[in-house]
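Residues in the sequence shown are numbered from 1 upward in steps of one, following the working numbering.
Built from N, CA and C at the ideal position, the CB exists for glycine as well.
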Amino acid sequence: MGIVEYAIRNARLTISILLFFLVAGSLSYISIPKEAEPDIQIPIIYVSLGYQGISPEDSERLLLRPMETKLKSITGIKEMRSTAYQGGGNVIVEFQAGADLNKALDDVRNKVSD
Numbered sequence: 001m002g003i004v005e006y007a008i009r010n011a012r013l014t015i016s017i018l019l020f021f022l023v024a025g026s027l028s029y030i031s032i033p034k035e036a037e038p039d040i041q042i043p044i045i046y047v048s049l050g051y052q053g054i055s056p057e058d059s060e061r062l063l064l065r066p067m068e069t070k071l072k073s074i075t076g077i078k079e080m081r082s083t084a085y086q087g088g089g090n091v092i093v094e095f096q097a098g099a100d101l102n103k104a105l106d107d108v109r110n111k112v113s114d
């Protein structure tokens, strides 16, 4: 007799075991300590650039490339990604772990406002 046949023949036992595992799992999940807002700073800054009616190609050429050129001079950048779309574009700047995010945000603001 296989395990499937045994489970079918003893349906009450199978359902009882299933309910036991569901209750035990729920209680375990509730009792695991969780922190609502952990002290993790994500070193990413998102820059959104908008220009009404601009095509994605023009957005890349007129908005994103010049902005990337300005932002490249900031120290501590790990990666920079940009996306052009109808009506604008965005640049995501990722900094090295442990970077001073307040200084990085000030540097990005200064470069964007130039």
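Please say whether residue j and residue i have beta carbons closer to each other than 7 Å?
{"i": "Glu-68", "j": "Glu-79", "result": "no"}
{"i": "Ser-113", "j": "Ala-84", "result": "no"}
{"i": "Leu-71", "j": "Lys-111", "result": "yes"}
What separation, rounded to the nearest whole angstrom, lies between the Cα atoms of residue i and residue j?
{"i": "Val-108", "j": "Leu-18", "result": "54 Å"}
{"i": "Ile-44", "j": "Ser-82", "result": "13 Å"}
{"i": "Ser-48", "j": "Gly-87", "result": "11 Å"}
{"i": "Leu-64", "j": "Leu-105", "result": "18 Å"}
To which residues of the same chain is residue i closer than 7 Å at the C-beta, ignoring the five residues directly before and after it?
{"i": "Ala-99", "result": "Pro-43 and Gly-76"}
Output needed for residue i: all residues of its chain with C-beta closer than 6 Å, excluding positions within five of it in sequence on either side, in chain order.
{"i": "Ile-74", "result": "Asp-107"}
In the stretch 52-92, which residue ranges form an unbroken alpha helix (DSSP H) of at least 4 residues, counting only runs that do not cross its ends? The qualifying runs are 65-71.
In chain order, which continuous runs of the beta strand (DSSP E) of length 3 or greater are located wholly inside the stretch 13-50? Entirely contained in the stretch 13-50, the beta strand (DSSP E) runs reaching 3 residues are, in chain order, 44-50.
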